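Just so we're aligned: the sequence shown equals residues 1 to 619 in full-length UniProt numbering. Accompanying notes for the structure given below.
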Amino acid sequence: MLPARVAGDVRRTVQAVRAVAPGRVTVALRATLAVALPLSAGVAAGRPELGAAASFGALAVLYVPQAPYRFRARVVRRVGLGLAAAVLLGSLAAGHGVVTVLVAGLVAGTASFVCQAAELPPPRELMLVMAVLAATDMPSDPAGAATRAGLAAAGALVAWLLTMAPALAGRWRAPEQAAVIAAIGAVAGLLDAVGSAGAGAARHAAVTGVQRARAAVSQAALPPGHPLAGLVVIAEALLEAALHVEVEATAPLDPGWAAAVRALTPAVHGLPVGNVVLPETVGTAGAGLLTRALTDARTASVPPAAARTLPPWPTLHRQLAAGLRRHSVVLPSAARIGIAVAVGVGLGQALGLGHAYWVGLTAAAVLQGSNLAVTRGRVLHRLAGTVAGVVLTFAVLGWNPPLWVVVLAVAAAQFAVELVIPVHYGLAVTAITVLALGLFHLGSPTEDVSSALGARLIDTAIGAALALVLRRVLWPRATVARLPQRQARVVAAVRAVFASAWSPELRPRLPERRRMLQTELAALRVVHADALADAGGADAAWPVSSAAEELAFLALSLPAHRPEPPPAAADAFLAHLDGLDAALSGSTRPPTGIPALPDHPRTAAAATALTAAVEVARG
Numbered sequence: 001m002l003p004a005r006v007a008g009d010v011r012r013t014v015q016a017v018r019a020v021a022p023g024r025v026t027v028a029l030r031a032t033l034a035v036a037l038p039l040s041a042g043v044a045a046g047r048p049e050l051g052a053a054a055s056f057g058a059l060a061v062l063y064v065p066q067a068p069y070r071f072r073a074r075v076v077r078r079v080g081l082g083l084a085a086a087v088l089l090g091s092l093a094a095g096h097g098v099v100t101v102l103v104a105g106l107v108a109g110t111a112s113f114v115c116q117a118a119e120l121p122p123p124r125e126l127m128l129v130m131a132v133l134a135a136t137d138m139p140s141d142p143a144g145a146a147t148r149a150g151l152a153a154a155g156a157l158v159a160w161l162l163t164m165a166p167a168l169a170g171r172w173r174a175p176e177q178a179a180v181i182a183a184i185g186a187v188a189g190l191l192d193a194v195g196s197a198g199a200g201a202a203r204h205a206a207v208t209g210v211q212r213a214r215a216a217v218s219q220a221a222l223p224p225g226h227p228l229a230g231l232v233v234i235a236e237a238l239l240e241a242a243l244h245v246e247v248e249a250t251a252p253l254d255p256g257w258a259a260a261v262r263a264l265t266p267a268v269h270g271l272p273v274g275n276v277v278l279p280e281t282v283g284t285a286g287a288g289l290l291t292r293a294l295t296d297a298r299t300a301s302v303p304p305a306a307a308r309t310l311p312p313w314p315t316l317h318r319q320l321a322a323g324l325r326r327h328s329v330v331l332p333s334a335a336r337i338g339i340a341v342a343v344g345v346g347l348g349q350a351l352g353l354g355h356a357y358w359v360g361l362t363a364a365a366v367l368q369g370s371n372l373a374v375t376r377g378r379v380l381h382r383l384a385g386t387v388a389g390v391v392l393t394f395a396v397l398g399w400n401p402p403l404w405v406v407v408l409a410v411a412a413a414q415f416a417v418e419l420v421i422p423v424h425y426g427l428a429v430t431a432i433t434v435l436a437l438g439l440f441h442l443g444s445p446t447e448d449v450s451s452a453l454g455a456r457l458i459d460t461a462i463g464a465a466l467a468l469v470l471r472r473v474l475w476p477r478a479t480v481a482r483l484p485q486r487q488a489r490v491v492a493a494v495r496a497v498f499a500s501a502w503s504p505e506l507r508p509r510l511p512e513r514r515r516m517l518q519t520e521l522a523a524l525r526v527v528h529a530d531a532l533a534d535a536g537g538a539d540a541a542w543p544v545s546s547a548a549e550e551l552a553f554l555a556l557s558l559p560a561h562r563p564e565p566p567p568a569a570a571d572a573f574l575a576h577l578d579g580l581d582a583a584l585s586g587s588t589r590p591p592t593g594i595p596a597l598p599d600h601p602r603t604a605a606a607a608t609a610l611t612a613a614v615e616v617a618r619g
């Protein structure tokens with residue numbers, strides 16, 4: 001049974017890798033070169049340990065590999081400096097008992113907080129944690145620590161040059177272009193799904209796709225009036241029209257609507273849009289709005305320069321300040337990882353383990369799971385992957401091969417990690433284990449391989465068990481406790497959209513507030529999924545999230561031609577939303593009764609459902 005299951009996992013992983021391969025192969029090759037170059041230089045110079053030290057800085061190449069180049073350059077530079085600093089601090093603290101424990105924990109917790117607040121995707125803080133922990137295993141004087149840190153900085157420079165190299169081939173705008181194309185495709189996918197069982201998922205995917213395109217263009221810091229910014233504005237208008245059609249439609253749409261949206265894709269590269277005949281609007285509710293949006297997109301290609309404005313990507317200090325807010329889930333998550341690393345290193349020292357840092361590193365890797373269910377799965381994958389990785393490493397290192405063979409094995413492992421980690425964590429851990437043990441061997445070529453392999457198995461088991469215990473003990477319901485505040489933020493954002501749509505004075509702020517609502521919607525889906533897993537599947541809060549999402553999508557789909565409710569009715573409805581916001585935030589009881597909202601029956605019905613859900617949730 002087990003071999004058949006493993007074979008099935010491998011088969012599904014191969015299929016998934018094939019699906020993502022076109023984008024991942026380039027990333028994997030770039031990461032492989034970044035690690036292999038310093039290792040090869042160290043072996044060629046007869047100092048493999050120096051090459052291994054430089055390779056830690058080269059791990060910066062793993063960060064935001066498909067982001068816009070301007071943003072990528074900034075992130076990789078900062079991560080590279082962080083890796084060099086981690087190596088310096090870890091080397092200085094090495095061999096100093098309690099100081100080693102405290103430094104490792106503080107660096108890990110700080111790195112986790114910064115990476116999460118800055119919304120960096122995986123590997124997030126893990127490479128920084130690995131750098132500081134590996135350095136604590138190599139005691140040295142200040143001069144030696146500075147040398148290692150300098151080598152790590154040199155490796156980071158190699159990573160920066162490699163990650164920026166594609167821009168020199170004329171592909172400077174390729175990442176943000178890909179994001180805009182994906183957004184247009186997601187809106188077309190929503191039109192394809194109208195009237196089907198997959199409409200809800202397609203609706204969420206369309207909102208998320210447009211949000212990601214807006215983020216990519218903001219990260220690129222394009223000059224004012226750039227055409228790509230205009231295309232994001234067009235995608236936002238198409239999303240609004242598509243949501244309106246999806247809300248109003250009772251049957252699937254003519255496929256020509258989706259084809260007409262996809263025909264806009266060539267405009268991303270400055271080419272003429274496809275001339276697809278628009279379907280008849282008769283019998284399709286909301287088709288007039290969609291026709292106008294498509295006609296505007298075709299005739300203008302991009303909106304006027306004044307309309308091509310998008311909010312800039314937030315600065316790092318603003319993101320850090322947001323992470324420190326009372327209801328942020330970033331702070332407890334980062335503190336949990338910092339404590340786990342410190343406890344892991346301390347436990348390894350107390351047990352007299354030869355490589356105490358492996359315990360803390362395993363705990364940090366497992367705790368990157370966003371909820372308890374994911375953490376449990378990562379424990380199983382970590383253990384199985386480590387066993388398989390140790391077996392593979394013994395096959396490579398057990399016969400004391402030349403160091404060039406080890407460098408090739410490390411390079412192959414790095415390539416495999418980048419290729420499979422998006423689709424199967426367990427197989428990625430297998431390659432990560434070969435990579436880590438290979439780097440360790442190059443850094444300490446005289447140490448016995450067999451003892452290192454055995455220690456890796458023991459330390460991984462201890463670290464995985466430690467991670468499970470700490471995940472249950474340290475703020476186990478932090479996400480559950482913060483879910484009502486996240487729901488309240490969605491209600492507040494919905495209120496802001498309706499207020500702008502119904503007030504001539506506030507209408508200029510409507511695009512900005514719609515964008516904020518899209519961001520809050522995406523965050524609610526993520527936080528709710530984590531809260532649901534942490535609560536063991538109890539879904540008492542789901543009706544509130546579901547009702548808030550429904551009201552939010554109605555706000556996003558509100559067409560400009562829909563008549564405004566009478567001022568008194570609008571004010572009463574907005575005040576009711578204020579009451580729901582306050583109730584979810586925990587300061588008041590839910591309001592009773594739903595104000596009448598002429599000409600907006602769906603919105604009134606959604607508000608009624610949300611009010612009922614809040615009343616049940618608040619007891």
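Cβ coordinates follow ideal geometry from the N, Cα and C atoms, glycine included. Please read these numbers as outputs of a predicted model, since none were measured by experiment.
DSSP three-state label for THR603, please. In the structure shown, THR603 sits in a helix (DSSP, three-state: H, G or I).
Looking at C-alpha atoms only, which residue of PRO68, TYR69, VAL35 and ALA428 is the closest neighbour of ALA54? Distance from the Cα of ALA54 is smallest, within the candidate group PRO68, TYR69, VAL35 and ALA428, for VAL35.
Leaving aside the five residues before and after VAL17 along the sequence, list all residues of the same chain whose C-beta is less than 8 Å from its C-beta, in chain order. Because VAL17 carries a pLDDT of 46, less than 50, the predicted location of this residue cannot be relied on, and no value is offered for it.
What does a CB cutoff of less than 7 Å around CYS115 pick up in its chain, not counting 5 residues either side in sequence? Same-chain partners within the cutoff: ARG124 and GLU125.
Please list the segments of the beta strand (DSSP E) lying wholly inside the stretch 496-559, counting only runs of 3 or more residues, in order along the chain. As for any beta strand (DSSP E) of minimum length 3 sitting wholly inside the stretch 496-559, there is none.
Assuming HIS269 is part of the alpha helix (DSSP H), what are its boundary residues? Element bounds for HIS269: n/a, residue is neither H nor E.
Do you know offhand how far VAL387's Cα is from LEU524's? Here the C-alpha atom of VAL387 lies approximately 37 Å from the C-alpha atom of LEU524.
Rounded to a whole number of angstroms, what is the C-alpha to C-alpha distance between GLN487 and GLY348? Taking the Cα positions, GLN487 is about 42 Å away from GLY348.
Can you give me the C-alpha to C-alpha distance between LEU243 and ARG203, rounded to a whole angstrom? Just so you know, the alpha carbons of LEU243 and ARG203 end up roughly 7 Å apart.
Taking the continuous alpha helix (DSSP H) assigned at PRO48, which residues delimit it? Per DSSP, PRO48 is one residue of the alpha helix (DSSP H) stretching across 48-58.
Pull up the CB-CB distance for GLN518 and LEU556, whole angstroms please, since I reckon it's below 8 Å. That belief holds up - the Cβ atoms of GLN518 and LEU556 are roughly 7 Å apart, short of 8 Å.
First and last residue of the alpha helix (DSSP H) that includes VAL343? According to the DSSP assignment, VAL343 belongs to the alpha helix (DSSP H) that extends over 330-350.
Check whether LEU442 and ALA52 have beta carbons under 7 Å apart: Yes.
Taking C-alpha atoms, which residue in ALA531, ASP571, ALA342 and LEU532 lies nearest to TRP502? Per the Cα distances, ASP571.
Candidates GLY389, LEU470, PRO312 and ALA251: closest to VAL341 by CA position: Checking every option, the nearest Cα to that of VAL341 belongs to LEU470.
Straight-line gap, THR315 to GLU512 (C-alpha atoms, nearest Å): Using only the alpha carbons, I get a separation of about 18 Å.
Nearest to GLN319 (by Cα), restricted to the options ALA45, LEU120 and ALA493: Measuring from the Cα of GLN319, the nearest candidate turns out to be LEU120.
Give the list of continuous beta strand (DSSP E) stretches no shorter than 3 residues that lie fully inside the stretch 204-239. Runs of the beta strand (DSSP E) inside the stretch 204-239: none found.
Return the CA-CA distance between GLN414 and TRP542, expressed in angstroms with no decimal places. If I take the Cα positions, the gap works out to 40 Å.
List, from N- to C-terminal side, the alpha helix (DSSP H) runs of 4 residues or more that fit wholly inside the stretch 72-144. Within the stretch 72-144, the runs of alpha helix (DSSP H) at least 4 residues long that lie entirely inside it are, in chain order, 98-117 and 126-136.
GLN368 (DSSP reduced to helix, strand or coil): The answer is coil: DSSP assigns GLN368 none of H, G, I, E or B.
DSSP three-state label for ARG326, please. Here DSSP, grouped into helix, strand and coil, assigns ARG326 to coil.
Where HIS269 falls, given that 16 or more other Cβ within 10 Å makes a residue buried: HIS269 is exposed by the Cβ-count criterion.
Where does TRP399 land, buried or exposed, given buried means 16+ other C-beta within 10 angstroms? By the C-beta density criterion, TRP399 is exposed, having fewer than 16 other C-beta atoms within 10 angstroms.
To the nearest angstrom, how far is the alpha carbon of ASP448 from that of LEU403? If you draw a straight line from the Cα of ASP448 to the Cα of LEU403, it comes to about 15 Å.
Expressed to the nearest angstrom, what Euclidean distance is found between the alpha-carbon atoms of ALA228 and GLY42? Sequence inspection shows Leu at residue 228; the Ala mentioned does not correspond to that position. Rounded to the nearest angstrom, the two C-alpha atoms are 44 Å apart.
Measuring alpha carbon to alpha carbon, tell me which of GLN66, LEU88 and LEU278 ends up nearest GLN177. Across the set GLN66, LEU88 and LEU278, the C-alpha of GLN66 shows the shortest separation from the C-alpha of GLN177.
Whole angstroms is fine: what's the gap from GLY463's alpha carbon to ALA179's? When rounded, the distance between both Cα atoms is 38 Å.
Within 10 Å of its beta-carbon, does GLY230 have 16 or more other beta-carbons around it, so buried, or fewer, so exposed? Counting other Cβ atoms within 10 Å of its Cβ, GLY230 reaches 16 or more and is therefore classed as buried.
TYR69 - DSSP class collapsed to helix/strand/coil: Reduced to three states, the DSSP call for TYR69 is helix.
Does the stretch 132-140 come within contact of the stretch 67-74, defined as at least 3 CB pairs closer than 8 Å? Touching, no, given that fewer than three Cβ pairs across the two stretches are closer than 8 Å.
What's the gap between the Cα of LEU427 and the Cα of GLY198? So the alpha carbons of these two residues sit roughly 31 Å apart.
Near THR559, which residues of its chain fall below 6 Å by C-beta distance, leaving aside the five closest residues on each side in sequence? The residue you asked about is not Thr; residue 559 is Pro in the sequence shown. In the same chain as PRO559, and ignoring 5 residues on each side of it, the C-beta atoms closer than 6 Å to its own belong to HIS244 and LEU289, in chain order.
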